[in-house]
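Notes follow once the structure below has been shown.
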Amino acid sequence: EVMMTAIIASMAIAGTIAIYISCQRNFEIGGAYLGIHANARLGLDRMAKDIRWARRIVKTHLSYSTTDLSLIAEIPSIDASEEIIEGKYDYVIYRLQGRNIERIVDADPASSRSDNTSVAARECQSLYFSSNGAGLSTFTTSALEGRPNINIRIITSKAVGSLTGTATKTVSDDLRTLV
C-alpha cells in the first residue's frame, strides 16, 4: 500500500515537473516571438519617420548607394530649436549589416544633428526597399528622386532552443517633398 502511494506520488510529481518545464519553454518562446515583432516594429517606425521627413531619396552619398537593400534619405537640417535650415540637408542611410539594420547619419556642419551610427533593428534576416512594387535599384537617379512613396519590408527571426520565431513587417510611407 505504501509502495503504491509512493508510485502514484512520484508520477504526480513527474507530471507537475513536466508541465512546469513545458510552461517555462512556452513562456520563453512567446517572449522571443514578442521581442522579434517589437524589434521589427521599432525599426520600421524609425525608418518611416525618416522617410516622412525626407525631401528626396538620393542614389549615392559618400560611399553609400540606394539599392533594394539600402536607402539614402536627404532630410532637412535643423537648428538647435529644431527649426528647418533652408538649403541645408542631412543624409540618413539605412542598410543591413550582418543581422542588424544600421542607421548612419551624415549631418551638415550647420545642423544640430550629429554624425552617428546606431542600430535601428536587430536579429534581421532581410531588409528590402521598393516603390510601386519595384526594387529601388531599378530606378535611375532622376526617377528615384521623384519617388513619392517608399515601401520597406523587414524579416526578423530568433532561435529559442530548437524552434525559430520569424516576423515579417511591411510599411509604406510617403516622402515629405515640401522643402
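Numbering (this note's numbering), first residue to last: 6 to 184. Note that CB positions come from ideal geometry on N, CA and C, so glycine has one too.
**Asked** Measuring CA to CA, which of K163, I77, I22, R46 is closest to F134?
**Response** The count along the sequence shown starts at 1 and reaches residue 134 at position 129. Checked all of K163, I77, I22, R46; the closest Cα to F134 is I77.
**Prompt:** Any idea what DSSP makes of A59, helix, strand or coil?
**Reply:** Mapped onto the sequence shown, residue 59 falls at position 54. Here A59 sits in coil by DSSP.
**Message:** Within the continuous beta strand (DSSP E) that includes L101, where are the two ends?
**Reply:** Here the question's residue 101 lines up with position 96 in the sequence shown. Note, L101: beta strand (DSSP E), 89–102.
**Prompt:** If you draw a straight line from the alpha carbon of P114 to that of I106, how long is it in whole angstroms?
**Reply:** Your numbering for residue 114 matches position 109 in the sequence shown. Your numbering for residue 106 matches position 101 in the sequence shown. The straight-line gap from Cα to Cα measures roughly 25 Å.
**Asked** Thinking just about the alpha-carbon of each residue, which of S70, G103, R118 is nearest to the one in S86?
**Response** Along the sequence shown, read from residue 1 onward, the residue named residue 86 stands at position 81. Checked all of S70, G103, R118; the closest Cα to S86 is R118.
**Message:** Quick check on M52: buried or exposed, where buried means 16 or more other Cβ atoms within 10 Å of its Cβ?
**Reply:** Along the sequence shown, read from residue 1 onward, the residue named residue 52 stands at position 47. Looking at its Cβ environment, which holds 16 or more other Cβ atoms inside 10 Å, M52 is buried.
**Message:** Buried or exposed, going by whether 16 or more other CB atoms sit within 10 Å of the CB of C129?
**Reply:** Indexing the sequence shown from 1 puts residue 129 at position 124. Buried, because 16 or more other Cβ atoms sit within 10 Å of the Cβ of C129.
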